[in-house]
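Colleague: Numbered per my numbering, the sequence shown finishes at 461, counting up by one with no gaps. Note that beta-carbon positions come from the ideal geometry of N, C-alpha and C, so glycine has one too. Keep in mind the model is a prediction, meaning the values are calculated, not measured. Attaching a single structure in structure tokens format; questions to follow.
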Amino acid sequence: MVASMRLASSLPAYGRSRAVFIFVGVFFLAGAVQYAPAAFSDSSSSTPLYWRFQETDLEQVGPLRYVKDAVLLLFGAYWPFVVSRFPSAIHALFKYAVWFLAVLCFGLIAYVADTGFLPFVTAGLRWLLILHAAVGVAALALLGRSSAFSERFMVTMLIAICLFDLYPVLRQLGGASVANLAVIRLPGMFSNAGTAGYFSVACGILALISTKAGPGRCWSLAVLSLLIAATSGTRYAILANLLLMISSYSRSSSRAGLNLKVIRTYLLFFVIVPSALIGGVALIAFAGRDGLVDQQMAQGGRLANLLLVWDEIERADAFDVLFGRGIGVGTNTAQGIAAANQIDPLSVKWNILIDNTIVTTFLQLGLLGSVLVWVGVASMLWPLARKEAVPILIVIALGLITQNMFEQYFLMLAFALGLAVTRKSSFEVKSRPMLGAFDGNAPGLYSRSRAGRQLRRSNSV
Numbered sequence: 001m002v003a004s005m006r007l008a009s010s011l012p013a014y015g016r017s018r019a020v021f022i023f024v025g026v027f028f029l030a031g032a033v034q035y036a037p038a039a040f041s042d043s044s045s046s047t048p049l050y051w052r053f054q055e056t057d058l059e060q061v062g063p064l065r066y067v068k069d070a071v072l073l074l075f076g077a078y079w080p081f082v083v084s085r086f087p088s089a090i091h092a093l094f095k096y097a098v099w100f101l102a103v104l105c106f107g108l109i110a111y112v113a114d115t116g117f118l119p120f121v122t123a124g125l126r127w128l129l130i131l132h133a134a135v136g137v138a139a140l141a142l143l144g145r146s147s148a149f150s151e152r153f154m155v156t157m158l159i160a161i162c163l164f165d166l167y168p169v170l171r172q173l174g175g176a177s178v179a180n181l182a183v184i185r186l187p188g189m190f191s192n193a194g195t196a197g198y199f200s201v202a203c204g205i206l207a208l209i210s211t212k213a214g215p216g217r218c219w220s221l222a223v224l225s226l227l228i229a230a231t232s233g234t235r236y237a238i239l240a241n242l243l244l245m246i247s248s249y250s251r252s253s254s255r256a257g258l259n260l261k262v263i264r265t266y267l268l269f270f271v272i273v274p275s276a277l278i279g280g281v282a283l284i285a286f287a288g289r290d291g292l293v294d295q296q297m298a299q300g301g302r303l304a305n306l307l308l309v310w311d312e313i314e315r316a317d318a319f320d321v322l323f324g325r326g327i328g329v330g331t332n333t334a335q336g337i338a339a340a341n342q343i344d345p346l347s348v349k350w351n352i353l354i355d356n357t358i359v360t361t362f363l364q365l366g367l368l369g370s371v372l373v374w375v376g377v378a379s380m381l382w383p384l385a386r387k388e389a390v391p392i393l394i395v396i397a398l399g400l401i402t403q404n405m406f407e408q409y410f411l412m413l414a415f416a417l418g419l420a421v422t423r424k425s426s427f428e429v430k431s432r433p434m435l436g437a438f439d440g441n442a443p444g445l446y447s448r449s450r451a452g453r454q455l456r457r458s459n460s461v
């Protein structure tokens, strides 16, 4: 512990700050309310829209819709400057920069070769910016120290957003006929119901990790997150929130006394888990989306699109397979860009919306670029993997195969903060396990250097 205290005391002032939690709370507010004017205007009409708002309604919001992107851009420029103030983190930051620029270069090869659709570059830069910001959130969370105030602020902000979202949800629900209650998907004040579901998953993760905010606040946020997931009709969000709630209950039981722990264990396995499974099936059925196989095999479904992608790959040349069709292809943002250019999205080769992060990465970067991306991501995730992080890792794994996760800014920031906080809480060191395996010389838990071994021994005392 002496070595840990010495390292912590040597950190600059920012290393003891709580700003990253406050930033996440404020950013979630900016991202959630950007379409609130359209949502409240629509919910006041006699025929509210379901699943998503029309593009014309979203355009009426004006510059407000770009606030979150501007904030991410500023944060993306800011966090490397903060991390560079730590001399021992320079090497890790350099490795990350080389990897990030290599991914960007691979994504631009198709455009340099004049085989990509140039307007899609902005769609690719957007998800790279979100990924860069997520890495920054994790880095600052590892460097800094949370406080009860910062966690309470973030959780309270998220609860307020969820409550604010209930008004358009209830208006949209009230405008539906009884016959349609089983098939509607309510976006609330988000651009579409899927985004509302992803926001609920992000809130569920932040409720799980905010141990200093108090159980009352965290459980209130978890329940509201599940409610938003249910009304959005997003299967992934419903199952993820149920898993996170069970995990949160299990953690609180492990911290209880022996007798209470035994009681809670019995309740968990014989009451909570069965009830959660039954409730999950019921919520999915309520959302009218229990015909999973039929829906996915229909035209436009994930499985149908996956078969279409496979057919395209079989007929592709070696250049496309190795280098892809350029960053942005196959993303949700690309579909909007195609509509703005008044072209059929499928007229651009490989621009297939598959809702699968792994496949979409291949469509953009090809085989070589995909290997580069996933090796780098795995290198950053592996040192953050802990037993306590298993629920979050499961939610990430489910997200990779059900949607284009790199585009979901709520999820990416929540995953980054959740994994970083879970790593820090799993051992006593409050110093710098910086950017995972990119920093092989860091005196963190996975360091093989003599300093790392000494630090582990000192923490075991």
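1. Suppose you measure from the CA of L224 to the CA of C162; what does that come to, to the nearest Å?
2. Between the beta-carbon of S210 and the beta-carbon of A237, is there less than 8 Å?
3. Is it the case that the Cβ atoms of D39 and M157 are separated by a distance below 8 Å?
4. How about the region 381-395 and the region 84-102: do they share at least three Cβ pairs that are nearer than 8 Å?
5. Buried or exposed: which applies to N404, given that a residue is buried once 16 or more other Cβ atoms fall within 10 Å of its Cβ?
6. Considering only C-alpha positions, which residue in the set L365, A222, A77, L166 is nearest to L104?
7. Quick one: what does DSSP say N192 is sitting in, helix, strand or coil?
8. Which of the three DSSP states, helix, strand or coil, is assigned to D165?
9. Hey, out of W374, F75, W350, whose CA is closest to V26's CA?
10. Exposed or buried, which one is K424 when buried takes at least 16 other CB atoms within 10 Å?
11. In chain order, what residues of the same chain have a beta carbon less than 8 Å from the beta carbon of E388, not counting five sequence neighbours either side?
12. Could you tell me if S10 is buried or exposed, where buried requires 16 or more neighbouring beta carbons within 10 angstroms of its beta carbon?
13. Say the cut is 7 Å; is the CB of L368 nearer than that to a heavy atom of the ligand ATP?
14. Should A230 be labelled buried (16 or more other beta-carbon atoms within 10 Å of its own) or exposed?
15. Reducing DSSP to helix, strand and coil, say where M434 ends up.
16. Grab me the residues of T357's own chain with a C-beta within less than 8 Å of its C-beta, minus the 5 sequence neighbours each way, in chain order.
17. What do you reckon, are the CB atoms on A138 and L393 nearer than 8 Å?
18. Less than 8 Å between the beta carbons of A123 and G328, yes or no?
Modeller: Let me spell this out:
1. Locating residue 224 in the sequence shown gives position 224, where the first residue counts as 1. Locating residue 162 in the sequence shown gives position 162, where the first residue counts as 1. One alpha carbon belongs to L224, the other to C162, and they sit about 6 Å apart.
2. Reading the sequence shown from its first residue, position 210 is the one you call residue 210. Reading the sequence shown from its first residue, position 237 is the one you call residue 237. No. Outside cutoff.
3. By 1-based counting over the sequence shown, the position of residue 39 is 39. By 1-based counting over the sequence shown, the position of residue 157 is 157. According to the sequence provided, residue 39 is Ala. The question's Asp does not apply to it. For A39 and M157, no; Cβs fall outside 8 Å.
4. As far as the Cβ criterion goes, the region 381-395 does not touch the region 84-102, which means the pair count is below three.
5. In the sequence shown, counting from the first residue as 1, residue 404 sits at position 404. N404 is buried by the Cβ-count criterion.
6. Numbered from its first residue, the sequence shown carries residue 104 at position 104. For the residues L365, A222, A77, L166, the minimum Cα distance to L104 belongs to L365.
7. For the purposes of this step, residue 192 is taken as residue 192 along the sequence shown, with counting starting at 1. Strand at N192.
8. Position 165 of the sequence shown, counted from the first residue, corresponds to residue 165. Three-state result, D165: helix.
9. Locating residue 26 in the sequence shown gives position 26, where the first residue counts as 1. If we check each option's Cα against that of V26, F75 comes out closest.
10. Taking the first residue of the sequence shown as 1, we reach residue 424 at position 424. Here K424 is buried. Its C-beta has 16 or more other C-beta atoms within 10 Å.
11. Residue 388 sits at position 388 when you count from the first residue of the sequence shown. For E388, where only same-chain residues beyond five positions count, the Cβ hits under 8 Å are R251, T422, S425, S426.
12. As a first step, residue 10 is located in the sequence shown; it is residue number 10 there, counting from the start. With a pLDDT of 36 at S10, under the threshold of 50, the predicted position of this residue should be treated as unreliable, and no value is reported.
13. Ligands are entirely absent from the displayed structure, and the ligand ATP is therefore not among its contents.
14. Against the sequence shown, residue 230 aligns to sequence position 230. So A230 ends up on the buried side.
15. Looking up residue 434 in the sequence shown gives position 434. Interpretation of M434 is limited by its pLDDT of 40, a score under 50 that renders its predicted location unreliable; the figure taken from the coordinates is listed afterwards. In the structure shown, M434 sits in coil (DSSP, three-state: anything other than H, G, I, E or B).
16. Locating residue 357 in the sequence shown gives position 357, where the first residue counts as 1. Same-chain partners within the cutoff: G399, L400, I401, Q403, N404, M405, F406.
17. Counted from its first residue, the sequence shown places residue 138 at position 138. Counted from its first residue, the sequence shown places residue 393 at position 393. Cβ atoms of A138 and L393: not closer than 8 Å.
18. As a first step, residue 123 must be located in the sequence shown, where it is residue number 123. As a first step, residue 328 must be located in the sequence shown, where it is residue number 328. It is a contact, given that the beta carbons lie within the stated cut-off.
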